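If you count the sequence shown from 1, you need to add 4 to reach our numbering.
Here a beta-carbon is modelled for each residue, glycine too, at the ideal position from N, C-alpha and C.
Everything numeric in this text was worked out from a predicted model, so none of it was measured.
To keep things clear, I will list the structure first and then write my remarks on it.
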Amino acid sequence: MTSKTKHSIYKTSTILFLIGLFSYFFNIGFNALLARHVSHALFGDFSVALRVLNIASVCMLCGTLSSSKRFYSQYLKSNKMDSASKYINWNVRLVFISSLFVLAVLTLLIIVILCLHLQNIYDIRKYHLLIYFLWLAPINAITLLISSYLICDRDVYLGTFFDAIGFYAFGILLLIPFIYLFHIPFHALDLWFLMLCIFIFMMIAESLILFKRIPALLKNSFTSLFSRKSSDNVLEKQWWTVSKRLIINQMIYLFVRAADILLLAIMSSDKKIVGYYAAALTVSGIFFVTQTALFQSPSALFSSLVYDQSKKQQLQNLINKTNLMNIILNVALLILIFIFTNPILKLFGAAFIIAKIPLWILLGGTLISILTASAPRLLAYSGYEIYLVYIALAEIVIIIVLGVILIYFYGAIGAALAVVTTSLLRAFASVYLVRKKIGVKAALVI
């Protein structure tokens, strides 16, 4: 790796980190503004519904959200436009079929809900917000997929912008007139309509940019969308095999990330606590964005270096430098959040200060993930996705068992403790497997 290439990677990683950091202010701004204009219980319901929506949307993509970064980006870099076109073709067909299936299931669900309502068995207004949010899964899945394509298509900055900032930026732009111009009091269905508007604006903006960048590639893909002549059974089998592994890992990972607040929502008698804990998750969740942004560029090189034994030292150097940058930037950010916890939580409302202890515990779990951030990515991009599935399955068992016990005794603090425990498991297991299977050190301090 030349010094010029190294400089380019560090420059790209720093810019992506700044984009991720910039998204933090939009994230906090959107959630704080919303929290101040809805009840604390409804804010908790919104946070739960949004996490379930993300799980459903990623599930609809069948693992292609990650596999696109592995296959589509490689085809573009190798100038294999025919393979890239076939991949998009296969990808779109897969999402189209999954969307039809999801919409059919949701239609049946709505019919049942309406029947129960009309028969005065169960009032339609008593259902959780997540039931309505599930209808947004297809359009959210499309926005996620387009963001992934933008990242792969030599436009990592723009793709990361939409991936990290787009939702919150469009959300604030729509939320401000809703609140201050139209004076709309927010209820469950108002939040659903707001989300629909956000996703529509995002999808239109992303689609226009993507069509402008790769018109010929998209035209070839869509014109032969349902033509079997454009199919490549060998490639499709390879794509599907990898995507299946990735979707299992992604689904489990997203479930683990959402399990704490889901369990808290189910077990807590005071729904306001769910809203307070949601604020703590919002504040600590920024590190997921900044770490993803920092590793966006190096991850693209992991897959090309990991299979070449002669470049193992080159891979180790890349890991070390990326880890060092990740630790310096994110630990500095973590310390700032720890110092200014009270002012940050008060942005959501004075009552949200109750989430301080859970937030501090979550920051402890975040520190663990910062120190070992490269390990799961190395496993994902080196053909060892199955081990991430095993780790994630163990995480599910731990967070459910510990979560139920700890939430029962300690409420929101117990939920945060369960998260930290799963972070420890993921960190040590992934670092050990990288050392054993790939032969490199994935963490600077472990």
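Which one of the options has the shortest CA to CA distance from residue i?
| i | options | result |
| --- | --- | --- |
| L65 | L305, A108 and P142 | P142 |
| S4 | Q242, A422, I358 and Y394 | Since the first and last residues shown for the chain are 5 and 450, residue 4 lies out of range. |
| H214 | I150, N253, A192 and S61 | According to the sequence provided, residue 214 is Leu. The question's His does not apply to it. Considering only alpha carbons, the answer is I150. |
| I451 | S314, L371 and I358 | No information on residue 451 is available, as it lies outside the stretch 5 to 450 that the chain covers here. |
| L154 | I135, L212, C201 and I390 | L212 |
| G170 | K15, I365, M207 and F100 | M207 |
| L20 | L349, I402, F291 and L392 | F291 |
| W244 | L22, S87 and L98 | L98 |
| R261 | L38, V106 and S373 | S373 |
| S434 | I404, V423, F413 and Y394 | Y394 |
| L309 | L38, R129, G443 and N144 | G443 |
| A422 | Y388, L198, L366 and I348 | L366 |
| K130 | L193, I411 and Y311 | L193 |
| F29 | F352, A446, L375 and G368 | F352 |
| G163 | R430, T296, V106 and L285 | T296 |
| T68 | A53, W94, V335 and S87 | W94 |
| V246 | I176, S70 and T18 | S70 |
| N334 | E240, R430, F299 and Y412 | F299 |
| N327 | I357, V278, L107 and S303 | S303 |
| V109 | M85, I135 and F205 | I135 |
| Y79 | L148, S17, C156 and Y126 | C156 |
| W364 | S272, L285 and W139 | L285 |
| G289 | L38, I204 and R55 | R55 |
| K441 | L177, Y388 and V408 | Y388 |
| T18 | F356, L406, K360 and K325 | K325 |
| H132 | G368, V106, Y257 and V52 | V52 |
| S386 | A431, Y311 and V405 | Y311 |
| I404 | L22, I270 and G369 | I270 |
| L349 | S82, L120, P189 and R40 | R40 |
| D274 | I251, Y412 and L428 | Y412 |
| Y91 | L428, R430 and F75 | F75 |
Whole-angstrom Cβ separation of residue i and residue j, contact assumed at under 8 Å?
| i | j | result |
| --- | --- | --- |
| V293 | G24 | 4 Å |
| Y391 | L383 | 6 Å |
| S61 | N144 | 4 Å |
| A379 | V438 | 5 Å |
| F137 | L57 | 5 Å |
| T426 | I402 | 5 Å |
| I87 | L239 | Per the sequence shown, the amino acid found at residue 87 is Ser instead of Ile. 7 Å between Cβ atoms; contact. |
| M255 | I101 | That belief does not hold up - the Cβ atoms of M255 and I101 are roughly 18 Å apart, past 8 Å. |
| L107 | M199 | Not quite, the Cβ-Cβ distance comes to about 17 Å (not below 8 Å), so this is no contact. |
| I176 | L37 | 7 Å |
| S272 | A168 | Actually they do not touch by this definition, with Cβ atoms about 30 Å apart. |
Identify whether residue i lies in helix, strand or coil by the three-state DSSP scheme.
| i | result |
| --- | --- |
| H44 | helix |
| A447 | coil |
| T376 | coil |
| G67 | coil |
| L351 | coil |
| F197 | helix |
| N124 | coil |
| P142 | helix |
| Y394 | helix |
| D312 | coil |
| G33 | helix |
| Y131 | coil |
| P189 | coil |
| S272 | coil |
| F432 | helix |
| I218 | coil |
| G163 | helix |
| G369 | helix |
| S460 | The chain is shown only over 5 to 450; residue 460 falls outside these bounds and no answer can be derived. |
| G170 | helix |
| G279 | helix |
| Y388 | coil |
| F1 | Examination of residue 1 is not possible in this model, given that the chain is present from 5 through 450 alone. |
| F292 | helix |
| F344 | coil |
| G415 | coil |
Within 7 Å: the Cβ of residue i and any heavy atom of the ligand PLP?
| i | result |
| --- | --- |
| V56 | Ligands are entirely absent from the displayed structure, and the ligand PLP is therefore not among its contents. |
### Message
Using a Cβ distance threshold of 8 Å, determine whether the region 170-186 contacts the region 44-53, with at least three qualifying pairs required.
### Response
no
### Query
Between the region 388-403 and the region 341-348, are three or more C-beta pairs nearer than 8 Å?
no
### Message
Closer than 8 Å is the cut-off here; do at least three beta carbon pairs connect the region 332-339 with the region 417-426?
### Response
no
### Task
Determine contact between the region 16-35 and the region 105-124, defined as no fewer than three beta-carbon pairs at a distance below 8 Å.
no
### Query
Touch check for the region 48-55 and the region 254-265: three-plus C-beta pairs under 8 Å?
yes
### Message
Restricting to runs no shorter than 4 residues, where is the alpha helix (DSSP H) found entirely within the region 49-110?
### Response
68-74 and 76-81
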